[in-house]
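S.K.:
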Amino acid sequence: MKIRILISFKESILDPQGQTVKNALHTLGYDFIKDVRQGKVFELELDGISEDRMNEVVPEIAHKVLANPIIEKFDWKIIK
Amino acid sequence: MKFGVVVFPGSNCDYDTFHVLRDVFDKETTFLWHKDHDLKNCDCIVLPGGFSYGDYLRSGAIARFSPLIQEITEFAQKGGIILGICNGFQVLLELGLIPGVMLRNKNLKFLCQHIHIRIENDQTPFTRSSKAGQILKIPIAHFDGNYYATPETLVELKKNDQIVFRYSDPDGSISEMANVNGSMENIAGLMNLDRNVLGMMPHPERASEALLGSADGKIIFESIIDYIESRK
Numbered sequence: 001m002k003i004r005i006l007i008s009f010k011e012s013i014l015d016p017q018g019q020t021v022k023n024a025l026h027t028l029g030y031d032f033i034k035d036v037r038q039g040k041v042f043e044l045e046l047d048g049i050s051e052d053r054m055n056e057v058v059p060e061i062a063h064k065v066l067a068n069p070i071i072e073k074f075d076w077k078i079i080k
Numbered sequence: 081m082k083f084g085v086v087v088f089p090g091s092n093c094d095y096d097t098f099h100v101l102r103d104v105f106d107k108e109t110t111f112l113w114h115k116d117h118d119l120k121n122c123d124c125i126v127l128p129g130g131f132s133y134g135d136y137l138r139s140g141a142i143a144r145f146s147p148l149i150q151e152i153t154e155f156a157q158k159g160g161i162i163l164g165i166c167n168g169f170q171v172l173l174e175l176g177l178i179p180g181v182m183l184r185n186k187n188l189k190f191l192c193q194h195i196h197i198r199i200e201n202d203q204t205p206f207t208r209s210s211k212a213g214q215i216l217k218i219p220i221a222h223f224d225g226n227y228y229a230t231p232e233t234l235v236e237l238k239k240n241d242q243i244v245f246r247y248s249d250p251d252g253s254i255s256e257m258a259n260v261n262g263s264m265e266n267i268a269g270l271m272n273l274d275r276n277v278l279g280m281m282p283h284p285e286r287a288s289e290a291l292l293g294s295a296d297g298k299i300i301f302e303s304i305i306d307y308i309e310s311r312k
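From first to last, the protein sequence lines stand for chains A and B.
Numbered according to the numbering used here, the first sequence spans residues 1 to 80.
Numbered according to the numbering used here, the second sequence spans residues 81 to 312.
(1) Is DSSP giving threonine 110 (chain B) helix, strand or coil here?
(2) Taking proline 16 (chain A) as the query, report the chain B residues whose CB atoms sit under 9 Å from its CB, ordered along the chain.
(3) On the CB-based measure, 16 or more other CB atoms within 10 Å of its CB, does methionine 1 (chain A) come out buried or exposed?
(4) What did DSSP end up calling phenylalanine 155 (chain B) once you bin it into helix, strand or coil?
(5) Quick check: what's the CA-CA separation for glutamate 285 (chain B) versus proline 59 (chain A)?
(6) Alpha carbon to alpha carbon, what distance is there between isoleucine 243 (chain B) and lysine 186 (chain B)?
(7) For valine 171 (chain B) and glycine 140 (chain B), which I take to be in contact (beta-carbon distance under 8 Å), what is that distance rounded to the nearest angstrom?
(8) Look up aspartate 251 (chain B) in the DSSP assignment and say whether it is helix, strand or coil.
(9) Any beta-carbon of chain B closer than 7 Å to the one on isoleucine 49 (chain A)?
(10) For a quick check, are the C-beta atoms of proline 128 (chain B) and valine 85 (chain B) less than 7 Å apart?
(11) Out of B:Cys192, B:Ser132, B:Tyr227 and B:His283, which one is the CA nearest neighbour of isoleucine 218 (chain B)?
(12) Could you give the distance in angstroms between the alpha-carbon of leucine 216 (chain B) and the alpha-carbon of tyrosine 307 (chain B)?
(13) Can we say the stretch 7-14 of chain A touches the stretch 57-75 of chain A, given the rule of at least three CB pairs closer than 8 Å?
(14) State buried or exposed for valine 57 (chain A), treating a residue as buried only when at least 16 other CB atoms are found within 10 Å of its CB.
(15) So which residues on chain A does glycine 180 (chain B) lean against when the C-beta distance must stay under 8 Å?
(16) Can you tell me the Cα-Cα spacing of threonine 27 (chain A) and phenylalanine 42 (chain A), whole angstroms?
(17) Quick check on the DSSP output: the beta strand (DSSP E) that includes aspartate 75 (chain A) runs from which residue to which?
(18) Between lysine 82 (chain B) and aspartate 123 (chain B), is the Cβ-Cβ spacing less than 7 Å?
(19) Please compile the residues from chain A whose C-beta is within a distance smaller than 7 Å of the C-beta of threonine 153 (chain B).
(20) Name the residues in the stretch 117-141 of chain B whose C-beta lies less than 8 Å from a C-beta of chain C; which are they?
(21) I want to verify the contact list: residues of chain B whose CB lies under 8 Å from the CB of threonine 20 (chain A), in sequence order.
(22) Could you tell me whether the Cβ atoms of valine 181 (chain B) and isoleucine 71 (chain A) are closer together than 7 Å?
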C-alpha cells in the first residue's frame, strides 16, 4: 500500500517562498492567482500493517518527524 | 574544566570551535561523535554550526535522532551547560530543549555577514562576564534563522527573561533594519527556563580572534569558563 502525506504551513504562518512564487506567476500575467502556499510531499510504501494500525501510526509519524507541529500541519491519503 | 564539541555528519564549524576552545582559551577540549553514548565527563557541551544531515527534512530535524542526543538530553536535565551555535541552535529547537522554530530568512537568502547583537540578559552562565546592553560584532551564516514562536510562547520567553541576544544596530537600538532574518522580537539567542541551555544563531567561535575581524564573541566562552570554574 502506498500513502501520500502532505505537509504545509499553518494558515497563521507567513510563507515567503509561496509569496515569491505567487509574484513570479503574477509577472507572467496569471493575475487571477490570489495566493500560493508551498509545502512538502512524502510518499510512503507500507507493508504488513492493518488499516486500523495505519490510521493510528501515520498521523503519529507525521506529527513526530515529518512536520514540525509548531508551524506545520499535515494531511494524508491512500494512493495505491 | 573540559569542553565537548559534538560532531554530526555535516557539522562544519566543529574544528573552528575546537580550535578556539583549545588554542585561544587553552581548555581541554574533545570531540564527541554523535553515534557514541559517551559525554566523556565534559562540563560543557557545544553543538556546533554546519548542516547536520544536509539539513534534510528541516534544519536540525534528523540530528535529534542521533544516539548521543539521549545523553545530551539527560545532561541538560541535570543542569549541564549546553551551547548550541547556528545549526546547533536548530537542533536544540527540534529537540524541544528550547521553545520555538526557525523559518527561512525573510529575504529568502543565505546570509553570511557580520551583524551586531545586544546582550539582553547578563545573569546567565553564558553572559555573566558581560554587561546587559553591551553590543557584540559577530558573524552569522544561515538560511533558516528567522525565529518563530507562538504568541503564548513569546509571552513566556519575555516574562522569564529567556531572550539573551537580539539583533541590533551598531549603537544598540533594536530596529527592523537590524533584524536581518526577520526573527520575532529580533531574537538572536535564547535559553531554556532553567538557564543552562543556550541557542544562538551568530557564531562566537568565528569572532574570537581580532585577526579574523572581531574578538567580541570571546565574552561568551569566557562567561561559560568563569561559571563552570566558579562552580568547582
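Glycine included, every Cβ here is placed at the ideal spot set by N, Cα and C.
M.R.: Quick answer:
(1) Counting from 1 along the second sequence, the entry for residue 110 (chain B) is found at position 30. Judged by DSSP in its simplified three-state form, threonine 110 (chain B) adopts strand.
(2) If you number the first sequence from 1, residue 16 (chain A) lands on position 16. Per Cβ cutoff of 9 Å: Leu183, Arg184, Asn185, Lys186, Asn187, Leu188, Asn226 and Gly262.
(3) By 1-based counting over the first sequence, the position of residue 1 (chain A) is 1. Its Cβ having fewer than 16 others within 10 Å, methionine 1 (chain A) is exposed.
(4) Sequence index remark: in the second sequence, residue 155 (chain B) carries index 75 (1-based). In the structure shown, phenylalanine 155 (chain B) sits in a helix (DSSP, three-state: H, G or I).
(5) Locating residue 285 (chain B) in the second sequence gives position 205, counting from the first residue. Locating residue 59 (chain A) in the first sequence gives position 59, counting from the first residue. So the two alpha carbons sit approximately 40 Å from each other.
(6) For the purposes of this step, residue 186 (chain B) is taken as residue 106 along the second sequence, with counting starting at 1. For the purposes of this step, residue 243 (chain B) is taken as residue 163 along the second sequence, with counting starting at 1. Straight-line Cα distance between these residues: approximately 20 Å.
(7) For this step, residue 171 (chain B) is matched to residue 91 along the second sequence. For this step, residue 140 (chain B) is matched to residue 60 along the second sequence. Cβ-Cβ separation between valine 171 (chain B) and glycine 140 (chain B): approximately 4 Å, consistent with a contact (criterion under 8 Å).
(8) The residue given as residue 251 (chain B) occupies position 171 in the second sequence. The answer is coil: DSSP assigns aspartate 251 (chain B) none of H, G, I, E or B.
(9) Working through the first sequence from its first residue, we reach residue 49 (chain A) at position 49. It does not: the Cβ of isoleucine 49 (chain A) has no partner Cβ on chain B nearer than 7 Å.
(10) Position 48 of the second sequence, counted from the start, is the residue given in the question as residue 128 (chain B). Position 5 of the second sequence, counted from the start, is the residue given in the question as residue 85 (chain B). It is a contact, given that the beta carbons lie within the stated cut-off.
(11) For this step, residue 218 (chain B) is matched to residue 138 along the second sequence. The shortest Cα separation from isoleucine 218 (chain B) among B:Cys192, B:Ser132, B:Tyr227 and B:His283 belongs to B:His283.
(12) Mapped onto the second sequence, residue 216 (chain B) falls at position 136. Mapped onto the second sequence, residue 307 (chain B) falls at position 227. When rounded, the distance between both Cα atoms is 20 Å.
(13) yes
(14) On the first sequence, residue 57 (chain A) is found 57 positions in, with the first residue counted as 1. With fewer than 16 other Cβ atoms within 10 Å, it is exposed.
(15) Your numbering for residue 180 (chain B) matches position 100 in the second sequence. Correct list: Ile70.
(16) In the first sequence, the residue the question calls residue 27 (chain A) occupies position 27. In the first sequence, the residue the question calls residue 42 (chain A) occupies position 42. Cα to Cα, the separation comes out at about 30 Å.
(17) What you label residue 75 (chain A) is simply residue 75 of the first sequence in a count that begins at 1. Residues 72-78.
(18) As a position in the second sequence, residue 82 (chain B) is number 2, starting the count at 1. As a position in the second sequence, residue 123 (chain B) is number 43, starting the count at 1. For lysine 82 (chain B) and aspartate 123 (chain B), yes; Cβs fall inside 7 Å.
(19) Looking up residue 153 (chain B) in the second sequence gives position 73. None at all; the shortest Cβ gap to chain A is about 16 Å.
(20) Absence of chain C from the displayed structure is noted, the protein chains being A and B.
(21) As a working mapping, residue 20 (chain A) is identified with position 20 in the first sequence. Within 8 Å Cβ-Cβ: Leu188.
(22) Position 101 of the second sequence, counted from the start, is the residue given in the question as residue 181 (chain B). Position 71 of the first sequence, counted from the start, is the residue given in the question as residue 71 (chain A). Going by C-beta atoms, valine 181 (chain B) is nearer than 7 Å to isoleucine 71 (chain A).
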